[in-house]
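Chains as they are written, first to last, in the UniProt record's numbering: chain A, 1 to 183; chain B, 1 to 183.
Glycine included, each C-beta is placed from N, C-alpha and C at the ideal position.
Source: prediction; values computed, not measured.
2 protein chains.
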Amino acid sequence: MAERVFTERGIAGSSIAHVAQALGMSPANVFKHFHSKVALADAICQRSIENMAAQLQALNVEEPAPDRLRSVAHQLMAMHLAAFKTAPYMIEMLLILSETEMASGARYGEMIEGLFAGLIRHGIESNIYYCRDIPARSRAVAAAFVTILHPVFLVRTPMEELETRCDEIVELVNIALQNPLAK
Amino acid sequence: MAERVFTERGIAGSSIAHVAQALGMSPANVFKHFHSKVALADAICQRSIENMAAQLQALNVEEPAPDRLRSVAHQLMAMHLAAFKTAPYMIEMLLILSETEMASGARYGEMIEGLFAGLIRHGIESNIYYCRDIPARSRAVAAAFVTILHPVFLVRTPMEELETRCDEIVELVNIALQNPLAK
């Protein structure tokens, strides 16, 4: 119900009282479970992240590391576009709430970094990628892909431009990871 | 005067009439030069971009390409931090106005890409960097640095974390540009 209220009124225009009213409950009843609007938004985000994580794990890409990176990047972009389309209030959330307020934001960052760490590890095992510091490299790779994942850049850019941008970043990252001098 | 009004009231809370009032002029007089609040904000941004471009050109870094990239990235980050600190309304501008409304936004992107293209070209000339498609690579490099330049990521992150992140992205980009297989 909170998702529906947030979608209709925006987060800035919503309160716990609105959600309670839509549920035909007293605000105290909702407050018992969520102590603030932010906590409620965070819980919704967390659920959406878990959905996305499940979809990512289902991605069974049987390709060499560089092609796998390309596939995952494009699928990740498509998932983000779909998420912001069905739940536009998530964009508002990302813009108006600070990261410290949103525990789910930090967890999400870690999930994306973990995804790239897995791809890098797979590439190293097949002797295609080279990397001495996987966590640091995964953080940099996650940062490099931000303009095809974060709504600030995603929602304003035409699809064709996004696809090209995604390919250009994949190319940069693949060339970095395939550099034998980084062995 | 528009800068002062925007800083005090925020852009969303400002109008051409407020600026005119602060100047002791009629709104018509301001409208004659700037047809909208967005056009006025765009002109301010453009001036700020020109300032930054002048500062960037004054950066006379006499170092090998990889160190030069590191120096420029850190200086660029420091400049952005300073700009958003002295003119916080620029952050609001970046968030509330779409890129199509802001001509200066596109020009700024091109300036940053041009800066990286120059660094890449210098590295190729000294046989340290390898790259077949400089414009595409410059776009990807500019995208890779977004999380240390865009206020959405910049203003919420502690300085120490920003410095580390900047170094990790520099490392990723340098390893990509130094890959002899990209020759």
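Under 9 Å between C-beta atoms of residue i and residue j
i: HIS18 (chain A); j: ALA65 (chain A); result: no
i: PRO151 (chain B); j: ILE91 (chain B); result: yes
i: ALA140 (chain A); j: ARG165 (chain B); result: yes
i: ASN179 (chain A); j: ASN179 (chain B); result: yes
i: SER104 (chain B); j: ILE16 (chain B); result: no
i: LEU76 (chain B); j: LEU56 (chain B); result: yes
i: TYR129 (chain B); j: ILE120 (chain B); result: yes
i: ARG1 (chain B); j: ALA22 (chain B); result: In the sequence as displayed, the identity of residue 1 (chain B) is Met instead of Arg. Cβ distance < 9 Å, so MET1 (chain B) and ALA22 (chain B) count as in contact.
Min CB distance residue i to chain A below 9 Å
i: ARG121 (chain B); result: no
i: PHE153 (chain B); result: yes
i: ASN179 (chain B); result: yes
i: LEU172 (chain B); result: yes
i: GLU168 (chain B); result: yes
i: THR147 (chain B); result: yes
i: ARG165 (chain B); result: yes
i: ALA106 (chain B); result: no
i: ALA140 (chain B); result: yes
i: ARG70 (chain B); result: no
i: ARG137 (chain B); result: yes
Distance between beta carbons of residue j and residue i, contact taken as under 8 Å
i: VAL146 (chain B); j: VAL38 (chain A); result: About 26 Å separates the two Cβ atoms, so there is no contact after all.
i: ALA41 (chain B); j: ILE11 (chain B); result: 6 Å
i: VAL173 (chain A); j: ALA144 (chain A); result: 6 Å
i: LEU162 (chain B); j: ILE148 (chain B); result: 6 Å
i: ALA87 (chain B); j: THR7 (chain B); result: 7 Å
i: SER177 (chain A); j: CYS131 (chain A); result: The amino acid occupying residue 177 (chain A) in the given sequence is Leu; Ser does not appear at that position. That belief holds up - the Cβ atoms of LEU177 (chain A) and CYS131 (chain A) are roughly 6 Å apart, short of 8 Å.
i: LEU115 (chain B); j: VAL61 (chain B); result: About 12 Å separates the two Cβ atoms, so there is no contact after all.
i: HIS80 (chain A); j: LEU154 (chain A); result: 6 Å
Interface flag, residue i vs chain B, CB-CB below 9 Å
i: PRO64 (chain A); result: no
i: ILE175 (chain A); result: yes
i: HIS150 (chain A); result: yes
i: LEU95 (chain A); result: yes
i: THR86 (chain A); result: no
i: ALA182 (chain A); result: yes
i: ALA82 (chain A); result: no
i: ARG4 (chain A); result: no
i: ALA143 (chain A); result: yes
i: ALA58 (chain A); result: no
Classification of residue i by the beta-carbon crowding that lies within 10 angstroms, buried from 16 upward
i: LEU181 (chain B); result: exposed
i: ALA106 (chain A); result: exposed
i: SER14 (chain A); result: buried
i: SER138 (chain B); result: buried
i: GLU168 (chain A); result: buried
i: GLU63 (chain B); result: exposed
i: GLU171 (chain A); result: buried
i: ALA54 (chain A); result: exposed
i: ARG47 (chain B); result: exposed
i: ARG4 (chain B); result: exposed
Interface residues of chain E facing residue i [CB-CB closer than 9 Å]
i: ARG132 (chain A); result: No chain E appears in the structure shown, which is made up of the protein chains A and B.
Residue i CB to nearest heavy atom of the ligand NAD below 8 Å
i: ALA143 (chain B); result: Because no ligand of any kind appears in the structure shown, any question about the ligand NAD cannot be addressed here.
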